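Residue numbers (the numbering used here): 174 to 439. Contents: one structure, followed by commentary.
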């Protein structure tokens, strides 16, 4: 097998509320770091480089890897786009817990109410004949609210009702096959408190939507200490069940290397 470059994303991404506070996902990066180490152990000199894209403070591999810290989903998106377009990436293991939403605007209930009162006093009530029209009006008011708080500093803790408006963040996993169709892609799906079939179905939805070669489906209630139950799904509907992070990382590394070897022979 030719030498390959592999991207691993890991850890829990944070999105800033203000200069001090953040909204943070619970990922630690432990599984990603173990997977990097297992790839190096199994792949040896067949692995040219591992790019380890992670949130600050995440677990990092003891094996040789280029660690690239990112502060939020948009920065992670920029880094992935650069790597996928400039480097010969053979595989992407996307284990990072990415926030689906980032903070777009910060205000208070009192500030927004005052702004709305000013606008409504002069608004034509015919503007609100539909729910969509009212929603668009509210969004416009939030965006134009001259009482928005300064997010570059710490927002006062004396506020009684702070309001956050969130915007959707880019789906990082969707970049991979768009920019590097030949790459082996491992996606992840995490749910909480669902039955196994629901979890497997959700994993296959991720696989179908993003053209993943493998998906690791896991439930938050089955992750505790050394125990980490995960199901590694294949496109044919089969799956392998693992019960620890060590087992999962070994399973992913083995399957990824096998798929890379198979594609090279084709």
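We put the beta carbon where it would ideally sit given N, CA and C, even for glycine. Nothing here was measured: the structure is a model prediction, and the numbers come from that model.
Cα atoms of residue 328 and residue 196: separation of roughly 14 Å, rounded to the nearest angstrom. Closest by C-alpha distance to residue 256, out of 389, 376, 356 and 380, is 356. Rounded to the nearest angstrom, the gap between the Cα atoms of residue 344 and residue 415 is 27 Å. Assigned with DSSP and collapsed to three states, residue 362 falls in strand. Bridge pairing for residue 350: absent [DSSP].
Of the other Cβ atoms in all chains shown, fewer than 16 fall within 10 Å of the Cβ of residue 411; this residue is therefore exposed.
Taking the C-beta atoms as reference points, residue 394 is found nearer than 9 Å to residue 366.
In the three-state DSSP reduction, residue 338 falls in the strand class (E or B).
With the rule of 3 Cβ pairs closer than 8 Å, the stretch 184 to 204 counts as touching the stretch 228 to 248. Rounded to the nearest whole angstrom, the CA to CA distance from residue 350 to residue 179 is 14 Å. According to DSSP, residue 185 shares a beta bridge with 270.
Secondary structure note for residue 258: its alpha helix (DSSP H) is the uninterrupted segment 246 to 259.
Membership of residue 222 in the beta strand (DSSP E) is indicated by the continuous run 220 to 227. In this structure, the CA atom of residue 325 is about 6 Å from the CA atom of residue 191.
Here residue 305 carries a helix assignment [DSSP, helix/strand/coil]. Nearest in C-alpha terms to residue 225, of all of 361, 210, 397 and 354, is 210. Of the candidates 360, 277 and 309, 277 places its Cα closest to the Cα of residue 322. Residue environment for residue 212: buried (at least 16 other C-beta atoms within 10 angstroms of its C-beta).
In the structure shown, residue 414 falls within a strand segment according to DSSP collapsed to helix, strand and coil. Residue 397 and residue 317 have their C-alpha atoms roughly 45 Å apart. Following the DSSP letters along the chain, one finds residue 400 in no alpha helix (DSSP H) but inside the beta strand (DSSP E) bounded by residues 400 to 406.
Per DSSP, residue 393 lies in no alpha helix (DSSP H); the unbroken beta strand (DSSP E) holding it starts and ends at 387 to 397. Residue 369 and residue 265 have their C-alpha atoms roughly 26 Å apart. Secondary structure of residue 278 (DSSP, three-state): strand. Per DSSP, residue 176 lies in no beta strand (DSSP E) and is assigned neither H nor E. For residue 239, the enclosing beta strand (DSSP E) has its first and last residue at 239 to 242. Inter-residue distance for residue 352 and residue 331 is about 47 Å (C-alpha atoms, whole angstroms). Assigned with DSSP and collapsed to three states, residue 344 falls in coil, not helix or strand.
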